[in-house]
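Following: one structure in structure tokens, then a few remarks.
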Amino acid sequence: MKKLLFFTFLILVIGIPSAYAHPFLLDSEPSQATNAPIGTTQIITKYSESVEIDFSELKVFDSDGNQVDNRDTTYYDGESSLVITTPPLEDGVYTVTSKVLSKVDGHLVRAAIVFGVGEAKVDISLLESQEQSETTFLPEAAARFPGIVGQTVVLGSAIAAIAIWSTQQKYFGKDNLALINKTYRSKFSKITGIALVSVLVSNFAMLAVQTVRLETSPLDVLGTAFGVTWLMRMIITIILLGIWFWMERKSHLTGKKHVPMLIASLALIFTTTLLGHGTATELVAPMILDYVHSLLSSVWIGGVIFLAFVILPTLAKLDWIDKEKTVLAILPRYSGMVTIALGILIITGPTLLWFLESDVTSITNSTYGFLIFAKIALALVMIGLGVYFQFKVQRPAVKNLGGTIGAGVSGFGEKPPDVSKEGFEQPTIEALASKKIAKPLKASAVTGIILLGVVSLLVNSSLPAGEIQTADAQTTTFGFSSTLFSEQAKFDVSVFPVSVGSNTINVIVSTIDGEPMSDISTLKIKVSNPQRGISPIEISTTQTSDMVTEFEAEATFGFAGIWQIEVEAQRTQSANESVIFDVLVKPTLSEIRTEIIEYDFPEGESAPLYPRYDGDNTIWISDAAKPKLWKFTLDDKQFTTYEFFGLSTIFLDIDHNGKIWFTDTPNSKIGYFDPNTEKFELIAIPSLTAKSPYSIPIALKVDLDNNIWVAVVDRNMLLVYDQESKEFEQYLRLPTEESGPSALLLDDNGNMWFAESLAGKIGVVDSKTFEITEYVPDTPLDEPFALLFDKSGSLWLSEHIGPGIAKFDPVLETFEHVEVPNPESLPFGMAIDKYDNIWFGQHVTDELGVYDPYNDQLIEVSIPTPESFTQFVTSDDDGNIWFVEQRGQKLGVVSINSISG
Numbered sequence: 000m001k002k003l004l005f006f007t008f009l010i011l012v013i014g015i016p017s018a019y020a021h022p023f024l025l026d027s028e029p030s031q032a033t034n035a036p037i038g039t040t041q042i043i044t045k046y047s048e049s050v051e052i053d054f055s056e057l058k059v060f061d062s063d064g065n066q067v068d069n070r071d072t073t074y075y076d077g078e079s080s081l082v083i084t085t086p087p088l089e090d091g092v093y094t095v096t097s098k099v100l101s102k103v104d105g106h107l108v109r110a111a112i113v114f115g116v117g118e119a120k121v122d123i124s125l126l127e128s129q130e131q132s133e134t135t136f137l138p139e140a141a142a143r144f145p146g147i148v149g150q151t152v153v154l155g156s157a158i159a160a161i162a163i164w165s166t167q168q169k170y171f172g173k174d175n176l177a178l179i180n181k182t183y184r185s186k187f188s189k190i191t192g193i194a195l196v197s198v199l200v201s202n203f204a205m206l207a208v209q210t211v212r213l214e215t216s217p218l219d220v221l222g223t224a225f226g227v228t229w230l231m232r233m234i235i236t237i238i239l240l241g242i243w244f245w246m247e248r249k250s251h252l253t254g255k256k257h258v259p260m261l262i263a264s265l266a267l268i269f270t271t272t273l274l275g276h277g278t279a280t281e282l283v284a285p286m287i288l289d290y291v292h293s294l295l296s297s298v299w300i301g302g303v304i305f306l307a308f309v310i311l312p313t314l315a316k317l318d319w320i321d322k323e324k325t326v327l328a329i330l331p332r333y334s335g336m337v338t339i340a341l342g343i344l345i346i347t348g349p350t351l352l353w354f355l356e357s358d359v360t361s362i363t364n365s366t367y368g369f370l371i372f373a374k375i376a377l378a379l380v381m382i383g384l385g386v387y388f389q390f391k392v393q394r395p396a397v398k399n400l401g402g403t404i405g406a407g408v409s410g411f412g413e414k415p416p417d418v419s420k421e422g423f424e425q426p427t428i429e430a431l432a433s434k435k436i437a438k439p440l441k442a443s444a445v446t447g448i449i450l451l452g453v454v455s456l457l458v459n460s461s462l463p464a465g466e467i468q469t470a471d472a473q474t475t476t477f478g479f480s481s482t483l484f485s486e487q488a489k490f491d492v493s494v495f496p497v498s499v500g501s502n503t504i505n506v507i508v509s510t511i512d513g514e515p516m517s518d519i520s521t522l523k524i525k526v527s528n529p530q531r532g533i534s535p536i537e538i539s540t541t542q543t544s545d546m547v548t549e550f551e552a553e554a555t556f557g558f559a560g561i562w563q564i565e566v567e568a569q570r571t572q573s574a575n576e577s578v579i580f581d582v583l584v585k586p587t588l589s590e591i592r593t594e595i596i597e598y599d600f601p602e603g604e605s606a607p608l609y610p611r612y613d614g615d616n617t618i619w620i621s622d623a624a625k626p627k628l629w630k631f632t633l634d635d636k637q638f639t640t641y642e643f644f645g646l647s648t649i650f651l652d653i654d655h656n657g658k659i660w661f662t663d664t665p666n667s668k669i670g671y672f673d674p675n676t677e678k679f680e681l682i683a684i685p686s687l688t689a690k691s692p693y694s695i696p697i698a699l700k701v702d703l704d705n706n707i708w709v710a711v712v713d714r715n716m717l718l719v720y721d722q723e724s725k726e727f728e729q730y731l732r733l734p735t736e737e738s739g740p741s742a743l744l745l746d747d748n749g750n751m752w753f754a755e756s757l758a759g760k761i762g763v764v765d766s767k768t769f770e771i772t773e774y775v776p777d778t779p780l781d782e783p784f785a786l787l788f789d790k791s792g793s794l795w796l797s798e799h800i801g802p803g804i805a806k807f808d809p810v811l812e813t814f815e816h817v818e819v820p821n822p823e824s825l826p827f828g829m830a831i832d833k834y835d836n837i838w839f840g841q842h843v844t845d846e847l848g849v850y851d852p853y854n855d856q857l858i859e860v861s862i863p864t865p866e867s868f869t870q871f872v873t874s875d876d877d878g879n880i881w882f883v884e885q886r887g888q889k890l891g892v893v894s895i896n897s898i899s900g
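So the sequence shown is numbered by numbering that gives the first Met the number 0: it starts at 0 and just counts up by one.
Take a look at the structure:
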């Protein structure tokens with residue numbers, strides 16, 4: 000049904016010029032109604048299109064209304080995002096006001112963001128009092144309306160004069176031709192002159208409105224992108240006026256003499272495209288489609304106005320038979336021209352709408368959608384009048400004169416009707432096509448002008464995405480919602496806000512097909528936490544609607560963790576229906592408190608690098624500068640070192656027997672340390688090329704069979720070492736040359752994933768067939784160097800020089816990127832804490848990155864020691880994060896707790 004509605008919608012709107020949008024707020028950091036950490040020093044806003052920096056600004060106010068920013072608004076990442084800095088923000092609620100000027104259409108758009116810092120709670124109702132930009136810019140619409148009508152009339156008249164009128168002049172006799180040409184020149188000059196004056200007045204009105212909007216001088220306005228387009232439009236208008244005066248002095252207007260006006264008016268409508276949403280997409284295709292829409296609408300509406308106010312008055316002084324024959328010849332020509340235009344639009348219209356707005360539901364629920372349907376109604380009126388001309392005017396008139404439909408363009412072939420033959424009766428004046436068409440044609444022209452008025456409103460209105468964005472900004476919340484199915488029932492469940500404390504559970508029960516279930520007597524909801532040994536507790540429910548089977552309950556989650564909710568629908572005529580689901584109750588990043596403790600390594604010449612928790616209160620740490628392993632026991636917080644004859648230890652892993660495996664990268668070897676015997680054993684990497692016996696093994700990982708996989712970064716190979724046979728059993732060459740395999744990770748199925756740091760790809764090896772599959776986004780990854788699976792099965796990877804982290808969905812095979820705040824950072828190793836947040840080292844900056852994938856929040860936690868050079872992290876059984884400060888010569892731990900429980 001939606002597809003049918005979508006197709007019908009496209010067919011109805013294709014003949015009208017496309018509408019345009021504005022630079023509405025897409026996202027911000029911090030986001031609307033969220034909390035940022037104490038000490039935040041910058042606010043970033045992102046918009047739907049480019050903005051003028053000289054007339055755009057951000058302001059940050061505290062809860063007392065004091066402006067607390069540094070007044071340094073500037074571009075952040077390109078011309079569609081801004082950033083402003085502040086002193087370190089303290090606990091409290093802050094408001095950011097945004098005022099931006101579009102580089103495309105010159106509209107000034109306002110927005111507001113309210114966020115909290117620290118423990119401050121954001122009152123969503125505060126957003127209602129913030130100044131929001133209007134969704135329809137009425138002064139701009141009024142200023143541009145005369146120009147849209149004027150350019151449509153000029154272009155449509157020029158096209159119709161060349162394509163229709165010039166082909167009919169050869170049929171007029173010498174006596175009529177002079178009279179006709181004089182009348183035509185007068186009428187054409189009058190209608191196009193009025194149209195050009197309308198364009199000129201509109202140009203000055205547009206400049207005046209923009210000057211008032213920006214509260215500046217006209218000269219400053221001309222310095223903007225809008226001003227450049229306005230100057231182009233003004234120059235073309237002056238050229239058109241010059242052409243008009245030139246044509247006015249001609250006694251006879253042939254088809255060729257209309258060509259200069261046609262060319263200049265084609266350039267004029269291009270300036271409208273430059274102010275349009277097609278240009279805002281920064282894509283060539285939408286711009287071309289946008290221009291085609293303006294051109295073909297001029298053919299349609301401008302042609303109707305030309306027929307009504309130029310052609311018919313010109314033919315008024317002809318004999319009735321000449322007038323009738325000419326009208327009957329012109330009507331099918333014009334209908335054919337419009338039909339061709341609509342045929343082209345049927346192809347281009349859906350494509351353009353797909354670029355601009357493909358969500359029909361959002362269109363129907365917006366002001367923009369209301370204007371669209373008003374435009375459709377007016378278009379249907381014009382189409383209906385066109386059908387009337389064809390079937391109620393042209394065809395009867397041809398038959399009245401004894402002609403045949405289809406015999407030439409006028410119905411009479413090459414010969415005019417013989418009015419002197421016996422039996423011919425002259426039609427009454429009321430029956431003549433030239434008489435019957437006059438008033439309906441003027442009505443169609445007026446309807447077209449009104450339609451252009453609606454288009455002017457659309458041109459100056461936000462697309463539904465802009466309106467919905469404003470509404471969404473006022474309802475930004477966290478929560479859980481899902482549709483669950485039992486054997487014979489559907490449960491639409493929502494839990495809000497899914498946080499420690501009181502939560503509202505809402506359940507709507509229906510049949511699988513969505514019909515109400517009439518035999519439900521009550522609904523039981525039970526809440527439990529099996530991980531903490533809390534048995535199911537039944538909570539009371541209240542039916543909130545009689546129209547649908549809807550129930551509501553209040554549940555209290557006493558602490559963060561995974562809570563299990565069971566919903567059972569009690570039925571009177573059938574077996575009960577029930578579903579069970581889990582919700583993760585977790586604090587947002589602004590609701591966690593962190594404490595960092597650092598432990599000094601006992602030796603000053605070491606270069607500790609890679610930590611690995613063994614699951615038994617011990618963290619093992621590699622050393623990039625010495626042939627040793629570090630052991631740190633969590634019980635007594637003591638370090639122990641174990642040395643061997645080699646060069647270094649880089650990456651670590653632990654096999655099924657508890658042995659600590661490592662890569663001695665500069666020595667082209669791998670090895671292991673057995674904690675039970677406290678002995679080392681080294682294994683040389685076989686010669687992989689005739690040029691050199693040495694290779695660079697960098698990462699290693701133990702698989703389900705206790706084999707050791709090794710990534711050889713300089714040979715584009717993965718090796719598999721069998722501990723039983725003590726041989727390298729597999730030599731897997733990656734499909735991509737110079738791939739640079741640098742990280743390994745085992746999944747639950749025993750398949751081995753790898754990152755290609757040089758090629759910007761990831762891949763996986765099937766553990767049974769050893770078949771290799773590679774994955775790469777549209778733009779290659781920026782040096783992926785670490786891998787991590789979360790609890791949902793998504794694969795996370797750090798982009799070392801992105802800088803950022805990315806998520807790969809192994810099922811959908813899609814990538815999502817997350818940028819880090821500091822462009823100088825180099826994200827590296829990752830780990831997951833007790834609340835399923837992703838922590839990562841940033842190598843050259845003294846902050847740990849923390850990303851909440853559930854709420855799309857990212858913060859940084861400062862490391863106390865300067866120049867720490869933290870690259871890799873790990874987590875223990877309690878979900879604490881451990882990190883190694885290579886240059887700081889320390890091992891750090893982040894204890895994480897929720898401020899709410």
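We treat Cβ as the ideally placed atom computed from N, Cα and C, and that holds for glycine.
request  = Reducing DSSP to helix, strand and coil, say where H292 ends up.
outcome  = helix
Original post:
Which residues in the same chain as V453 place their Cβ atom closer than 7 Å to its Cβ, once the five residues preceding and following it in sequence are excluded?
Top reply: L370, A373, K374 and L377
* D622, DSSP secondary structure in three states -> strand
* **Collapsed DSSP secondary structure at I37 in the structure displayed** => coil
Q. In chain order, what residues of the same chain have a beta carbon less than 8 Å from the beta carbon of V701, not counting five sequence neighbours either side?
A. D652, I653, D654, H655, W660, I707, W708 and L745
* To do: To the nearest angstrom, report how far apart T587 and S797 are at their CA atoms.
  => 22 Å
>> Assuming G840 and T864 are in contact, meaning their beta carbons sit under 8 Å apart, how far apart are those beta carbons, in whole angstroms?
In response: The pair is not a contact, with the Cβ atoms about 13 Å apart (cut-off 8 Å).
Which residues does DSSP pair with P607 in a beta bridge?
-> When beta bridges are read from the DSSP output, P607 appears opposite D622.
List, from N- to C-terminal side, the beta strand (DSSP E) runs of 3 residues or more that fit wholly inside the stretch 796–832. 803–808, 813–818 and 829–831
Exercise. Quick one: is S534 buried, meaning 16 or more other Cβ sit within 10 Å of its Cβ, or exposed?
Worked result: exposed
Self-check item: Alpha carbon of I761 to alpha carbon of A207, nearest angstrom
Solution: 56 Å
**OP:** List the endpoints of the continuous alpha helix (DSSP H) containing V92.
**Re:** Where V92 is concerned, there is no enclosing alpha helix (DSSP H), although the beta strand (DSSP E) it sits in stretches over G91 to S101.
Quick check on the DSSP output: the alpha helix (DSSP H) that includes R109 runs from which residue to which?
Per DSSP, R109 belongs to no alpha helix (DSSP H); it is in the beta strand (DSSP E), L107 to V116.
Going by DSSP in three states, P535 sits in which element: helix, strand or coil?
strand
Tell me, please, which residues DSSP counts as bridged to K690. Beta-bridge pairing by DSSP links K690 to no other residue.
> Which residues mark the beginning and the end of the beta strand (DSSP E) in which M231 is found?
Replying inline: No beta strand (DSSP E) holds M231; the alpha helix (DSSP H) holding it covers A224 to E247.
Quiz item: Within the chosen definition, does the stretch 538–550 reach the stretch 598–616 through at least 3 CB pairs nearer than 8 Å?
Solution: no
Quick check on the DSSP output: the beta strand (DSSP E) that includes I519 runs from which residue to which?
I519 to N528
**Asked** Just the Cα atoms here: how many angstroms apart are E56 and G105?
**Response** 15 Å
Original post:
Around the Cβ of E590, are there at least 16 other Cβ atoms within 10 angstroms (buried) or fewer (exposed)?
Top reply: buried
>> If distances are taken between C-alpha atoms only, which option among L780, I504, M260 and L230 comes closest to W243?
In response: M260
request  = Could you check if F769 is buried or exposed, using at least 16 other CB atoms within 10 Å of its CB as the buried criterion?
outcome  = exposed
_According to DSSP, N505 sits in a beta bridge with which residue or residues?_
S493 and E551
*asked:* Is it buried or exposed, N65, if we count other Cβ atoms within 10 angstroms and call 16 or more buried?
replied: exposed
Checklist entry - Hey, G878 and I895 are a contact pair by Cβ (cut 8 Å); roughly how many whole angstroms apart? => result 7 Å
Q) Which of helix, strand or coil does DSSP assign to Q885? A) Annotated three-state conformation of Q885 is coil, per DSSP.
Quick check on H292: buried or exposed, where buried means 16 or more other Cβ atoms within 10 Å of its Cβ?
By the 10 Å Cβ count, H292 comes out buried.
(Q) Looking only at its chain, what residues have a beta carbon closer than 7 Å to the beta carbon of T228, apart from the 5 residues adjacent to it on each side? (A) Around T228: T270, L273 and L274.
- Task: Would you kindly check if the distance between the Cβ of I862 and the Cβ of L847 is under 8 Å?
- Result: yes
Next on the checklist: Less than 7 Å separating the Cβ of V445 from some heavy atom of the ligand SAH?
Outcome noted: The ligand SAH is not part of the structure shown, which contains no ligands of any sort.
Legend entry - Integer Cβ distance of Y93 from D61, believed to fall under 8 Å: Right, their Cβ atoms sit about 6 Å apart.
Own chain partners of P901 with C-beta closer than 7 Å, once the 5 adjacent residues on each side are dropped: Shown here, the chain extends from 0 to 900; a query on residue 901 therefore has no answer.
### Query
Quick one: what's N69 bridged to in DSSP?
Looking at the DSSP assignment, N69 forms no beta bridge with any residue, so it has no partner.
If you run the structure through DSSP and keep just helix, strand and coil, what is I511? coil
With DSSP as the reference, label F580 as helix, strand or coil.
-> strand
When DSSP labels each residue in this structure, what does F643 get in the three-state scheme? coil
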